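Going by my numbering, the sequence shown opens with residue 98, and the numbers climb by one from there. Cβ atoms here follow ideal geometry from the backbone N, Cα and C, with glycine treated the same way. Computed from a predicted model, the values in this text were never measured in an experiment. Here is the structure we will look at, set down as structure tokens.
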Amino acid sequence: MRSTNTQLVSPSAQGISITVSSKRLRNYAAVERARIRILAGWFLRIGDYELKYVLAYHLYEASEHTTWIRERLKEMRGGNPNASIRPDLAQFLEKTLHAPSDTEFLKGQYGVLTSAMLTAIHNDVKKMDTSANANELRLLNRIKNDLIEQVAWYKTLDLDSEDSDWSSYIQSTLHSIGGIHGDEARMPSPPSHSLLRFERPSTLHFDSRIQIGELKSYEERAQLDREQATIEQFKVFFNEFYAAALLASILFDAAENEYPWEFFADFSRHFWDEARHSEFGAIRLRELGVEPDRVNLVLYEESQDLPVLHRVTYLTRGLEAYFMPRKPVRMKEYEENGDFRSQLFADQDWSDEINHVRYGSRWINFLLENDSREIEDIMDEVKQHLSAVRKVDVQTIEAPY
Ligand SMILES: [Fe+2]
Ligand SMILES: [Fe+2]
């Protein structure tokens with residue numbers, strides 16, 4: 098007897114051709130890729146540090162989604178993942194960056210853009226044939242699950258109660274281009290919004306909970322009793338915001354360049370790791386009865402206007418190399434003290450760091466292709482820059498804490 102699996106077949110799904118589904122996947126990749134730059138920019142700008150952590154998680158999801166889609170596109174006939182996207186979609190995505198405030202940014206970014214992407218995926222999934230489109234279905238369902246969580250998180254912020262000029266503007270602009278795929282009925286373009294231009298911040302913005310100040314030096318921390326020393330160490334973890342900020346600036350600035358996708362994938366991961374390391378600080382400080390309240394941003398502020406190559410070199414070969422020898426020592430101390438929670442975070446941090454060195458080597462080599470300079474020359478140029486900023490001669494890369 099012939100067996101049929103009726104559960105697999107949805108009668109309303111006619112299926113989507115390779116030509117159409119690859120076009121749609123390219124639109125989704127364009128959205129997710131644009132969101133990497135937008136979320137990196139707003140990670141720097143948004144004041145609430147806990148929202149910064151959420152944006153960092155979403156940035157990494159956008160990067161993973163882009164990677165998955167690109168992999169599938171490469172397998173599809175005519176699915177070139179680097180094909181250019183519709184200019185009106187690119188312009189629309191760019192507009193969502195220039196929100197007038199933190200709240201308006203969230204409304205435009207999640208209330209409109211992310212929600213529209215989720216709806217579009219939902220509609221595509223409904224049309225797909227479970228067998229013919231099985232590859233796209235698996236991929237889109239994974240992305241859909243992440244976006245459902247992102248939109249659910251946005252709804253918990255309860256920002257949609259008031260009318261917003263900005264989100265109506267973004268929504269109308271999206272209608273005017275026929276939605277993400279450009280195939281919905283088009284409405285006339287809304288009158289242009291008085292666009293404030295978003296500038297990539299040269300410092301990290303924080304709300305009033307976080308003050309700018311000094312952290313205890315490594316030597317000072319060594320003099321403290323165990324509990325105080327642990328608290329001060331987790332303040333340094335919290336301060337890994339500076340490293341996340343440098344990576345956000347790299348992702349933001351490099352988005353204009355024709356670098357291979359893997360550059361953005363690696364640095365999205367590196368960025369997310371550093372944001373998580375800062376979060377380790379926030380979590381552990383609270384467990385120890387201390388509210389995070391301080392950052393020292395000097396390492397970001399002094400170097401954020403260097404070229405991308407110099408920022409990558411300074412961070413991965415300079416600062417991370419400077420902090421590296423402390424990591425195994427600290428892990429061992431926590432272990433000997435039976436401080437499992439601190440050890441857990443120090444362990445993950447140390448493990449992530451090994452990848453960061455690898456990303457650094459890979460992309461410094463790439464950026465130095467066809468360049469007569471060596472990595473040592475770049476580091477010398479970084480030191481010259483720091484000497485000029487600090488007005489003292491900088492011979493070695495060090496941190497004040
Ligand atoms: Fe780190
Ligand atoms: Fe790192």
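A319, buried or exposed, once every other Cβ within 10 Å from all chains shown has been counted against 16: exposed
Spatial neighbours of Y138 in its chain, beta-carbon cut-off 7 Å, leaving aside the 5 residues before and after: Reading off the sequence shown, one finds Gly at residue 138, where the question assumed Tyr. Closer than 7 Å at the Cβ level, and outside the excluded window around G138, lie L194, F295, R297, F349.
Whole alpha helix (DSSP H) elements within the stretch 311-375, 4-residue minimum: 315-319, 323-335, 338-351
Residue burial classification, R323 (beta-carbon count within 10 angstroms, cutoff 16): exposed
Any alpha helix (DSSP H) of 4 or more consecutive residues that is wholly inside the stretch 409-484: 417-420, 423-433, 437-464
Buried/exposed call for F377, threshold 16 Cβ in 10 Å: buried
CA nearest to the CA of A229, picked from A352, E355, D468, Q111: Q111
Three-pair Cβ contact test at 8 Å for the stretch 237-254 versus the stretch 298-307: no
Alpha-carbon to alpha-carbon, R167 and A340: 28 Å
Near ligand 1: H374 beta-carbon under 6 Å from a heavy atom: yes
Proximity test, H482 beta-carbon vs ligand 2 heavy atom, cut-off 6 Å: no
Sequence-distant residues of its chain with Cβ nearer than 8 Å to E471 (five each side left out): L465
Closer than 7 Å to chain D by CB, I113: The structure shown contains no chain D; it holds only a single protein chain.
Alpha helix (DSSP H) segment containing R306, residue limits: No alpha helix (DSSP H) contains R306, which DSSP labels as neither H nor E.
C-alpha gap between E478 and I451, whole angstroms: 25 Å
Sequence-distant residues of the same chain with beta carbon closer than 7 Å to Q247, five excluded per side: H155, Y207, T211
Residues near W165 in its chain [Cβ-Cβ closer than 8 Å; skip 5 each side]: L236, R239, I240
Own chain partners of Y146 with C-beta closer than 7 Å, once the 5 adjacent residues on each side are dropped: F303, I307
DSSP state of V491 mapped onto helix, strand, coil: coil
Inter-residue spacing [alpha-carbon to alpha-carbon] between F360 and D436: 37 Å
Rounded separation between L271 and D390 - CA only: 40 Å
Where A110 falls: helix, strand or coil (DSSP): coil
N- and C-terminal bounds of the alpha helix (DSSP H) containing L136: 115-142
Reference Y444, options I133, L136, E430, closest by Cα: Note that residue 444 is Asp in the sequence shown here, rather than Tyr. Selected option, being the one with the closest Cα: E430.
Per DSSP, cross-strand counterpart(s) of V392: I309
Cα-Cα separation between S286 and S264, rounded to whole angstroms: 14 Å
Among E473, V454, R381, nearest to F364 - alpha-carbon criterion: V454
Rounded Cβ spacing between H78 and A217 (contact assumed at less than 8 Å): With the chain running from 98 to 498 in the structure shown, residue 78 is simply not present.
Where N102 falls, given that 16 or more other Cβ within 10 Å makes a residue buried: Confidence is the limiting factor: at N102 the pLDDT is only 49, short of 50, which leaves the residue's position unreliable, though a coordinate-based value still follows. Exposed is the call here.
Cα-Cα separation, S100 to A231: Low confidence applies to S100: its pLDDT is 46, below 50, so where it sits in the model is not reliable, and the reading given next is rough at best. Each residue's alpha carbon lies about 20 Å from the other.
Residue from I113, A180, Q268, E329 whose Cα sits closest to the Cα of L234: I113
Under the three-state DSSP convention, the category V401 falls into: The residue asked about is misnamed: residue 401 is Gln in this sequence, not Val. The answer is coil: DSSP assigns Q401 none of H, G, I, E or B.
Beta-carbon contacts of G176 that lie in its chain and below 6 Å, excluding the five residues immediately before and after: S119, L170
I135 and F189 closer than 7 Å at C-beta: no
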